[in-house]
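In our numbering, the protein residues as written are 3 to 187. Glycine included, each C-beta is placed from N, C-alpha and C at the ideal position. Note that the coordinates shown come from a computational prediction; the quantities given were computed from them, not determined experimentally.
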């Protein structure tokens, strides 16, 4: 960003499409996805300083693609919805902290399910004490998870805006939201 130019970096260890991606504790992580019509549960970590991808020793709790992934306060990763190994949209939410320990413990915990099963296509983000999931494979529906009351609700203004402005729901399948943190220099 400071150079205002794109650069090529090293390739992932395993080809994949429709994966989730997040920045967590200074590294880029990719989760799951699809390769050769097979869903994946693997996780890869990219070190921006060494330009090396490492296959992470811990996997997703299940094979997933087209899911939303967010980093909450640089502490917890949330995996939201997606398409499961039966090629069905999921409303499952998993949360966990990534560690490189190989002690066999499950770092993923089941969170509160979303209201609508959906392929979220990375269309999730955190704002203050809420998670928002826009569009995805559910037309005109945005959901909000409130950490204070630990509950999902439908965020009605999204559908109302689309309907009242007669806007095509172009973010249905192609939405990508991004949270970024400004790091002091």
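Classification of residue i by the beta-carbon crowding that lies within 10 angstroms, buried from 16 upward
i, result
"residue 155", "exposed"
"residue 130", "exposed"
"residue 4", "exposed"
"residue 10", "exposed"
"residue 126", "buried"
"residue 151", "exposed"
"residue 80", "buried"
"residue 122", "buried"
"residue 38", "exposed"
"residue 88", "exposed"
"residue 17", "exposed"
"residue 50", "exposed"
"residue 73", "buried"
"residue 137", "buried"
"residue 22", "buried"
"residue 34", "buried"
Span of the beta strand (DSSP E), counted from its first residue to its last, around residue i
i, result
"residue 94", "91-98"
"residue 46", "40-49"
"residue 29", "29-37"
"residue 25", "22-26"
C-beta contact flag for residue i and residue j at 8 Å
i, j, result
"residue 85", "residue 118", "no"
"residue 96", "residue 63", "yes"
"residue 132", "residue 148", "yes"
"residue 7", "residue 41", "no"
"residue 153", "residue 134", "no"
"residue 43", "residue 91", "no"
"residue 45", "residue 61", "yes"
CB-CB length for residue i against residue j, believed under 8 Å
i, j, result
"residue 48", "residue 29", "6 Å"
"residue 36", "residue 20", "5 Å"
"residue 54", "residue 12", "6 Å"
"residue 124", "residue 70", "6 Å"
"residue 99", "residue 78", "6 Å"
Return the chain-ordered ranges of every beta strand (DSSP E) run that is complete within the region 112-161 and spans a minimum of 3 residues.
Fully enclosed beta strand (DSSP E) runs of no fewer than 3 residues occupy 126-129, 132-135, 145-148, 153-156 of the region 112-161, in order along the chain.
Which parts of the region 51-94 are runs of the beta strand (DSSP E), unbroken and 3 residues or longer, counting only runs that do not cross its ends?
Counting whole runs of 3 or more residues, the region 51-94 contains the beta strand (DSSP E) stretches 54-57, 70-74, 78-86.
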